[in-house]
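Written out below as structure tokens is the structure these notes cover.
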Amino acid sequence: MTTYTILIILSGLVIFSYLFDLVASKTKVPSVLLLLLLGIGLRFLVDNLKIQTFNFLSILPTLGTVGLILIVFEGSLELKYDREKNKIIKSAFFSALTILLASVTVITLIIYQITHKDLYTCIANAIPFSVISSAIAIPSAAALGKQDREFVIYESSFSDILGIIIFNFAITNHSITTSAFIGLGLSTFLIIFLSAIACVVLLYVMGKLVHHIKFFLIISILILVYAIGQSYHLSSLVLILSTGLFLNNADTIRNAWFRGVFLYKNLSADLSQLYQLSAESAFILRTFFFVIFGFTMNISELNDKPVLANGFFILVTIFVIRFFFLKVFKKGALKPIGYIAPRGLISILLYFNLPASLKIPEVGTSFLFLVVLGTSIVMTLGITLSKTKTEEITMV
Numbered sequence: 036m037t038t039y040t041i042l043i044i045l046s047g048l049v050i051f052s053y054l055f056d057l058v059a060s061k062t063k064v065p066s067v068l069l070l071l072l073l074g075i076g077l078r079f080l081v082d083n084l085k086i087q088t089f090n091f092l093s094i095l096p097t098l099g100t101v102g103l104i105l106i107v108f109e110g111s112l113e114l115k116y117d118r119e120k121n122k123i124i125k126s127a128f129f130s131a132l133t134i135l136l137a138s139v140t141v142i143t144l145i146i147y148q149i150t151h152k153d154l155y156t157c158i159a160n161a162i163p164f165s166v167i168s169s170a171i172a173i174p175s176a177a178a179l180g181k182q183d184r185e186f187v188i189y190e191s192s193f194s195d196i197l198g199i200i201i202f203n204f205a206i207t208n209h210s211i212t213t214s215a216f217i218g219l220g221l222s223t224f225l226i227i228f229l230s231a232i233a234c235v236v237l238l239y240v241m242g243k244l245v246h247h248i249k250f251f252l253i254i255s256i257l258i259l260v261y262a263i264g265q266s267y268h269l270s271s272l273v274l275i276l277s278t279g280l281f282l283n284n285a286d287t288i289r290n291a292w293f294r295g296v297f298l299y300k301n302l303s304a305d306l307s308q309l310y311q312l313s314a315e316s317a318f319i320l321r322t323f324f325f326v327i328f329g330f331t332m333n334i335s336e337l338n339d340k341p342v343l344a345n346g347f348f349i350l351v352t353i354f355v356i357r358f359f360f361l362k363v364f365k366k367g368a369l370k371p372i373g374y375i376a377p378r379g380l381i382s383i384l385l386y387f388n389l390p391a392s393l394k395i396p397e398v399g400t401s402f403l404f405l406v407v408l409g410t411s412i413v414m415t416l417g418i419t420l421s422k423t424k425t426e427e428i429t430m431v
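Each residue of the sequence shown is one higher than the one before, starting from 36 at the first, in the working numbering.
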């Protein structure tokens with residue numbers, strides 16, 4: 036392929052993604068679903084034309100990781116904290132935790148019945164299927180009311196963070212011991228401590244930078260700290276979420292010394308530009324990630340009836356567990372929030388980070404693709420039907 040052909044393809048994908056976002060805003064069909072289908076279509080085209088390509092799977096984890104950082108950061112920059120939101124935050128956290136643990140437990144049993152592998156291997160493989168993807172949930176919640184949208188942002192972000200914590204704990208500890216839990220406690224305390232330092236330092240740096248290019252520097256620092264933390268199996272997504280929340284709420288801190296040292300005149304304008312840059316960068320990375328993931332799928336494997344049956348069983352399990360626990364932790368209507376449980380970017384990243392010794396052939400990428408696709412379709416139908424019923428009640 037020539038340089039110009041590659042440029043045409045890349046720019047074309049971005050244009051398609053933008054059009055998909057417009058379609059999604061009107062039809063409630065997630066743009067991610069359309070991007071996956073576009074990737075599948077491109078794979079059919081490439082195979083029919085016998086065009087040689089390189090192994091895109093090699094760049095998929097990197098694209099996904101940076102995309103996840105930017106999406107969570109973008110979502111956290113939208114959130115304004117006040118004491119009245121403590122209830123939403125607490126219910127979102129416990130909802131994410133209990134649904135995650137219940138999903139891991141049940142999906143572990145399903146994988147065990149499918150493969151008859153040892154319980155430890157089944158648990159490690161169940162975790163990626165149990166985590167709600169904030170990369171899909173947050174954009175999909177844009178049309179919801181303010182309270183429901185904030186619940187989805189907090190819940191999906193907590194689900195990502197807790198999923199990464201449990202995943203790191205699982206792959207680094209082959210047995211549950213007292214020392215393993217002590218290590219988990221220490222690593223959690225360490226990342227919270229580092230997050231507090233990073234928040235203050237980044238705010239100070241933003242105020243002191245006079246160079247006309249500074250927002251990519253801020254994002255690069257965040258990505259660097261995230262990568263260093265993850266390399267030591269720390270749940271660095273906590274840092275990303277807390278940094279966005281802190282920056283967007285720093286002006287509510289009334290301490291005179293803090294305001295004099297850290298707050299500056301153009302903070303509001305800088306945060307607006309930082310949010311815009313994060314949103315547009317996340318858009319680009321999300322586009323390429325999901326198109327490439329769709330492109331790398333072997334669709335013929337979906338003809339396997341056991342894969343379809345087991346995938347359907349997991350889908351039913353995901354939404355039964357979700358509706359059951361939302362009744363406990365979420366006050367008010369459960370629809371359409373009950374349908375917003377997509378598996379996506381975070382599930383794919385965790386799956387690719389499984390050590391080779393723990394991967395199970397029966398629970399491969401086609402199985403993961405089926406669950407990602409299925410949860411997105413259920414979410415789309417759930418949001419659309421819930422909106423239709425609401426409109427009918429309003430008209431009556």
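Cβ atoms here follow ideal geometry from the backbone N, Cα and C, with glycine treated the same way.
- S111 places its beta carbon less than 8 Å from that of G279.
- Relative to E185, the option among I412, L114, I41, I146 whose CA is nearest is L114.
- Between F89 and I327, the CB-CB gap reaches or exceeds 8 Å.
- Look at the beta carbons and you see the stretch 266 to 274 not touching the stretch 314 to 329: under three pairs across the two are nearer than 8 Å.
- Secondary structure of T88 (DSSP, three-state): coil.
- In terms of Cβ geometry, I418 and S175 form a close pair [threshold 8 Å].
- Here S194 is not near A137, since their CB atoms are 8 Å or more apart.
- Ranking I334, K340, Y239, V342 by CA distance to the CA of G295 puts Y239 first.
- The three-state secondary structure of T140, taken from DSSP, is helix.
- Assigned with DSSP and collapsed to three states, R378 falls in coil, not helix or strand.
- Under the three-state reduction of DSSP output, I171 falls in the helix class.
- One thing to note: G264 has its Cβ within 8 Å of the Cβ of I226.
- Residue environment: S210 is assigned as exposed (fewer than 16 neighbouring CB atoms within 10 Å of its CB, all protein chains considered).
- Rounded to the nearest angstrom, the gap between the Cα atoms of I158 and F281 is 34 Å.
- Taking C-beta separations shorter than 8 Å and ignoring five residues to either side along the sequence, K340 has no partners in its chain.
- Between the C-alpha atoms of L105 and N203 there is a straight-line separation of about 21 Å.
- For a cut-off of 8 Å, the C-beta gap from A170 to I334 is around 22 Å, too long to register as a contact.
- L144 and N208 have their alpha carbons spaced roughly 20 Å apart.
- With three or more CB-CB distances shorter than 8 Å, the stretch 396 to 415 counts as touching the stretch 344 to 351.
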